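Protein chains: 2
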Amino acid sequence: MSRGPESLADRVLAGDVRAAARLIRLVDDADPSAAAAMRRLYPHAGRAIVIGLTGSPGAGKSTLADQLVAYFRGQGKTVGVLAVDPTSPFSGGAILGDRIRMNRHATDPGVFIRSLATRGALGGLSRSTAQGVTIMDALGRDVILVETVGVGQDEVEVMRLADTTIVVVVPGMGDDVQAIKAGILEIAQVFVVNKADREGANRTAAELEQMLTLTPPPPGAWKPPILLAEAHRGKGIAEIVDAVFRHRAHLEARGRMGVLRRERARREFLDLLRDRLLDDAIARLGGEAGVERIVGRLAERETDPYSAVESVVGGRS
Amino acid sequence: MSRGPESLADRVLAGDVRAAARLIRLVDDADPSAAAAMRRLYPHAGRAIVIGLTGSPGAGKSTLADQLVAYFRGQGKTVGVLAVDPTSPFSGGAILGDRIRMNRHATDPGVFIRSLATRGALGGLSRSTAQGVTIMDALGRDVILVETVGVGQDEVEVMRLADTTIVVVVPGMGDDVQAIKAGILEIAQVFVVNKADREGANRTAAELEQMLTLTPPPPGAWKPPILLAEAHRGKGIAEIVDAVFRHRAHLEARGRMGVLRRERARREFLDLLRDRLLDDAIARLGGEAGVERIVGRLAERETDPYSAVESVVGGRS
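In order, the protein sequence lines correspond to chains F and Z.
Quick note on the working numbering: the first sequence kicks off at 912 and runs consecutively.
Quick note on the working numbering: the second sequence kicks off at 912 and runs consecutively.
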């Protein structure tokens, strides 16, 4: 039997974490050989509980992730952690730090931790994260934690993959609460004020509360709870998990899980379609050399991008 | 003569700011009627000096932008300001604030200030910003300031439109310097420690210096200077402008301007091509209804996104 992508998929479905790790790496490298395996895995995914975890650097996300993993393991659930680094070559250290903090789970076969570092193409990050979630799901993980940093549009796209997203803040963020306003509200279902033993925790919680009051949810919609926690001591973890499951019950009671599933399927399909169409068009242009010919004329302003697109699309056989 | 897109372009080329404002709005709304006007403007653009300005909320970017505008006006240059809000409906207030801070230039016809708020599609922000720059350039602005918030991948894409990007930080950022590491280094050509009268300004400058030392530029490459400023008092502005022009001279001496122009033309062309190909493919599927049919099958896991893409691409006439 061949050791190609098909057998890689079979091994993932049989619960082989090394095969899953290899496939996640292929996906992260945008290796075309991953597609056949992904095709085979897709119908077997869709059962895991997917939880997003985001917040500024230093908010204690990794410590909280570590505690959540321990909590779920205590309930007998298997866990996958996808640490997403949407930024640049410069933050390799942060990822390494996360791994070290997760060390106590390193020998537990019920915990599978991987990092994604996809760079370059816009949308590449949410696409490879979606595929990473599918792989962990097909591997049979009960709970998948997707951890990311920051509040940019990329992270918002990544967090849309989660059923429930936890946003972690720390006391005395000041301007950071302003930054949070600017993108995270639409994806936050649970707020955690971590390091709540620090001064100002109640004030930060009150500021968040006030922020939520300014943009009240529509009637019957989920109102994100604001919870205090001290992740490094394990305080507040049960309450966070409880909030996640209450949010899930809320989605199910309102028939929202199906809507979320459709929205995700739609994004994943259109992302893949967009890439494939562009790849095909570039191939028809004669590859890189054909693109460079057009780029040269554009840089000299001998043509404009709109006319160039028209000529490519119109010239299609 | 008709008042359609062609005449809108003619009016922009004649220096009509109201026409430019209208076209920027059309572009921001992704209105297809903008394409004809953009096609006409494109060959007339490419002469302006484009300066990027980014940093965390509260770093004083708008005050600095205001001072830079005053400085360039003092040199007799016309200025365009594009304030880019890459985030969400929730930060409308910030943009309004910026407008108010810019108030002293409101009656100066040599200053043209516009906001972009493009949401939704990934890459939509850098695309509409590129078009906004082209419009201001074709309008005849000598200098274009592109101002944005934060350090996500979206903002990095936006800043790639600038010839020189200024990154503004404030003393005592703490974790924020960590966040900056994670994406901004690759686009920062000038660092400004603003509010330098505050405690810790020298330490923040030293931290930035150390950060740059950790990832030294290749031999002969530009080394970003770290400048202290107090924008609210106009202190340090001349030094910042000087650094911008030194960076520009550096680019020109190394023949890098042409490379930048090609890279930008390439991105703009491929972005437009990608969107156009997807629009055409969706039309061939029968529009929204056709997409929904596929999404329904995906959500039920009756097919997978890879096979669905294959059927769309394979079925092309």
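C-beta: ideal position from N, C-alpha, C; glycine also.
Since the structure is predicted, the reported quantities are computational estimates derived from the model, not experimental observations.
Please report the distance separating the alpha-carbon of residue i from that of residue j.
i, j, result
"V961/F", "G1043/F", "12 Å"
"V1054/Z", "M1168/Z", "16 Å"
"F1023/Z", "T974/Z", "16 Å"
"G1111/Z", "H955/Z", "46 Å"
"G1225/Z", "D1182/F", "17 Å"
"V1057/F", "G963/F", "5 Å"
"E1118/Z", "I1095/Z", "15 Å"
"V938/Z", "V1060/Z", "20 Å"
"A994/Z", "R1025/Z", "6 Å"
"F1180/Z", "A920/Z", "20 Å"
"K988/F", "Y1217/Z", "30 Å"
"S999/Z", "D942/Z", "Low per-residue confidence applies at S999/Z: pLDDT is 39, beneath 50, and the placement is therefore not dependable enough to give any value."
"V1078/F", "I1151/F", "11 Å"
"R1165/Z", "R1114/F", "53 Å"
"R936/Z", "S1039/Z", "10 Å"
"E1199/F", "R1109/F", "55 Å"
"T1124/F", "R958/Z", "47 Å"
"R1052/Z", "P1127/Z", "35 Å"
"L934/Z", "R1187/F", "32 Å"
"A948/Z", "V1170/F", "39 Å"
"L1162/Z", "D977/Z", "26 Å"
"E1068/F", "A925/Z", "41 Å"
"D1190/F", "A1194/Z", "19 Å"
"A1140/Z", "E1120/Z", "16 Å"
"T1076/F", "A1149/F", "16 Å"
"D927/F", "M1122/Z", "41 Å"
"G1003/F", "Q986/Z", "The predicted model places G1003/F with a pLDDT of 37, which falls under 50 and marks its position as unreliable, so this point remains unresolved."
"D940/F", "Y982/Z", "46 Å"
"A945/Z", "R1185/Z", "17 Å"
"E1066/Z", "E1211/Z", "36 Å"
Within the same chain, show all residues whose beta-carbon is closer than 8 Å to that of residue i, passing over the 5 residues directly before and after it, in chain order.
i, result
"D1019/F", "R984"
"V980/Z", "V990, V992, M1013, H1016, V1022, L1056"
"R1071/F", "S1037, I1098, E1174, R1175, R1178"
"G1008/F", "Per-residue confidence for G1008/F stands at a pLDDT of 42, beneath the threshold of 50, marking its modelled position as unreliable; no derived number is given."
"G1131/Z", "R1165"
Between which two residues does the beta strand (DSSP E) harbouring residue i extend?
i, result
"I962/Z", "960-966"
"A1117/F", "Element bounds for A1117/F: not the beta strand (DSSP E) but the alpha helix (DSSP H), 1112-1125."
"I1024/Z", "1022-1027"
"G1035/Z", "No beta strand (DSSP E) holds G1035/Z; the alpha helix (DSSP H) holding it covers 1035-1049."
"V990/Z", "990-995"
"V1257/Z", "Residue coverage of chain Z in this structure runs from 912 to 1228, which leaves residue 1257/Z outside it and unanswerable."
Can you list, in chain order, the residues of its chain whose CB lies under 6 Å from that of residue i, leaving out five sequence neighbours each side?
i, result
"T1214/F", "R1208"
"A931/F", "V923, I1046, L1050"
"V1081/Z", "A970, N1105, K1106"
"A1116/Z", "V1104, I1137"
"A1083/Z", "The sequence shown places Gly at residue 1083/Z, rather than the Ala named in the question. For G1083/Z, where only same-chain residues beyond five positions count, the Cβ hits under 6 Å are G1111."
"R929/Z", "none"
"A1041/F", "L1072, E1179"
"D1048/F", "A956, A959"
Please go through the same chain and pick out, in chain order, the residues whose beta-carbon is closer than 7 Å to the beta-carbon of residue i, but skip the five residues on each side of it.
i, result
"A1219/F", "I1205, L1209"
"L1196/Z", "V1202, V1223"
"A1073/F", "V961, I962, G963, V1057"
"G966/F", "K972, V1078, V1079, V1080"
"A1154/F", "V1101, P1136, L1138"
"A1192/Z", "V1223"
"Y953/F", "T1045"
For the alpha helix (DSSP H) containing residue i, name the first residue and the last one.
i, result
"A947/Z", "945-952"
"T1076/Z", "It is not in any alpha helix (DSSP H) - T1076/Z instead sits in the beta strand (DSSP E) that spans 1075-1080."
"G985/Z", "972-985"
"I1098/Z", "Taken as a continuous stretch (DSSP letters only), I1098/Z belongs to no alpha helix (DSSP H), as it is neither H nor E."
"V928/Z", "928-939"
Can you determine whether any heavy atom of the ligand FMN sits closer than 7 Å to the C-beta of residue i, and answer yes or no?
i, result
"E1221/Z", "Ligands are entirely absent from the displayed structure, and the ligand FMN is therefore not among its contents."
Is residue i close to chain A? Criterion is C-beta to C-beta, closer than 8 Å.
i, result
"A1210/F", "Going by chain labels, chain A is absent from the structure shown, which instead holds the protein chains F and Z."
Next item on the list: Kindly provide the ranges of any alpha helix (DSSP H) runs that are 4 or more residues long and lie completely inside the segment 1140-1224 of chain F, ordered along the chain.
Entry: 1148-1164, 1167-1195, 1199-1210
Check: Are the segment 1124-1142 of chain Z and the segment 1153-1170 of chain Z touching, with three or more C-beta to C-beta distances below 8 Å?
Finding: yes
Notebook entry, point to check: Is the segment 1143-1152 of chain F in contact with the segment 1171-1187 of chain Z, if contact means three or more CB pairs nearer than 8 Å?
Noted result: no
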